[in-house]
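Below is one structure, written out as structure tokens, with a few remarks after it.
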Amino acid sequence: MTKGFTQRHLLGMETLSREEITTILDLGERFLEIADRPIKKVPTLRGKTVINLFLEPSTRTRTSFEIAAKRLSADGINFTASSSSTVKGETLIDTAMNLDAMNPDIVVIRHAQAGSALLLSQRIRAAIINAGDGAHEHPTQALLDASTIRAHKKRIEGLTVVICGDIDHSRVARSNIFALRTLGARVRVAGPRSLLPIGVENLGCEAYDRIEPALEGADVVMMLRIQMERKAGSRFPNTREYARYFGLNPRRLALAKPDAIVMHPGPMNRGVEIDPGVADGPSSVILDQVSRGVAVRMAVLYLLGGGSGEEWSKS
Ligand code: CP
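Under my numbering, the residues of the sequence shown are numbered -8 to 306, in order.
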């Protein structure tokens, strides 16, 4: 176990301390350079088995966990709902217990049900990483977001971060609120009143039902898509209306600080929550988030996979 991180699983950001988050971010920073090596591989987790159990669609998270496991020399097994016996009616617990009988070291799970990662952690022996459970948490997204903010702003403490969009259905928003508050940022959430959870202020953030006042003086602007798969479309008239009142365009971005950065966890709906000129513009760090996602996920796999010492840096 590495000093500064004693968790057996990564289920969410709510329970991580500042020291634990910083340990992951620092380690992720050190893993970044492996992406630039001619041979992008270190032997750190050789002989360890990582199962990616993705029972909801994913591009970034699944691919980056796969790449992260490969770069650490772990044996990665990828498992999607459509190619598994879940389509024949096998339950999540039965699926997980059968996979556990093959003795993996780590199971990375994405599932539509909030609490699914916690449930697995109580039933199987492998370390569990939550790669997104319903509208609950997406901890590695918050970690890669914190890594990106820290890299571009050189700090997180004292920054004003605006998270705008479908807050009610967003595991990304929840995990970011927990992580950023723990790291000392001021967090504002903004969206139509129908997409702001009742009592969201109790998580330690300020809530706005208009985007303009939320953006004033912001250091970081994080845009979220509308989660149509969670029936969010019934909470506002139509996407054209939504873009008109809540879309981030150059005029609105000008309300933030001149050096503000723009983030998005993806997938983006260009022209709805974000104008293409902003998504591809000079303030955007969206693809840097994706690059950092691999390094941060390497750090998480390393910490939960029992990596120790400095062996990876010498290879
Ligand atoms: N940010 C994120 O979770 O993207 P995917 O759904 O593509 O993994």
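Here a beta-carbon is modelled for each residue, glycine too, at the ideal position from N, C-alpha and C.
{"query": "DSSP puts residue 254 in a beta bridge; with which residues?", "result": "213"}
{"query": "With residue 180 as the anchor, note down where its beta strand (DSSP E) starts and where it stops.", "result": "177 to 181"}
{"query": "Under 7 Å: does the beta carbon of residue 132 sit that close to some heavy atom of ligand 1?", "result": "yes"}
{"query": "What is the DSSP secondary structure of residue 32, counted as helix, strand or coil?", "result": "coil"}
{"query": "Could you tell me whether the Cβ atoms of residue 53 and residue 43 are closer together than 8 Å?", "result": "yes"}
{"query": "Could you tell me whether the Cβ atoms of residue 158 and residue 180 are closer together than 8 Å?", "result": "yes"}
{"query": "Would the C-beta of residue 129 count as close to ligand 1, meaning under 7 Å from any of its heavy atoms?", "result": "yes"}
{"query": "Quick check on this structure: which residue in 195, 122, 19 has the alpha carbon closest to the alpha carbon of residue 106?", "result": "122"}
{"query": "Whole angstroms are fine: how far does the CA of residue 274 sit from the CA of residue 127?", "result": "29 Å"}
{"query": "Going by CA-CA distance only, name the one from 98, 137, 142 that's closest to residue 171.", "result": "137"}
{"query": "Beta strand (DSSP E) containing residue 151: first to last residue?", "result": "151 to 155"}
{"query": "In whole angstroms, give me the CA-to-CA distance for residue 204 and residue 247.", "result": "10 Å"}
{"query": "For residue 37 and residue 64, which I take to be in contact (beta-carbon distance under 8 Å), what is that distance rounded to the nearest angstrom?", "result": "4 Å"}
{"query": "I'd like to confirm the pairing. Which residues does DSSP put opposite residue 102 in its beta bridges?", "result": "124"}
{"query": "CB-CB under 6 Å to residue 90, same chain, minus the five flanking residues each way: which ones, in chain order?", "result": "42"}
{"query": "Going by C-alpha distance, which of 82, 16, 167 is nearest residue 195?", "result": "167"}
{"query": "Got a sec, what are the start and stop residues for the alpha helix (DSSP H) residue 284 sits in?", "result": "277 to 295"}
{"query": "Considering only their Cβ atoms, is the gap separating residue 82 from residue 75 smaller than 8 Å?", "result": "no"}
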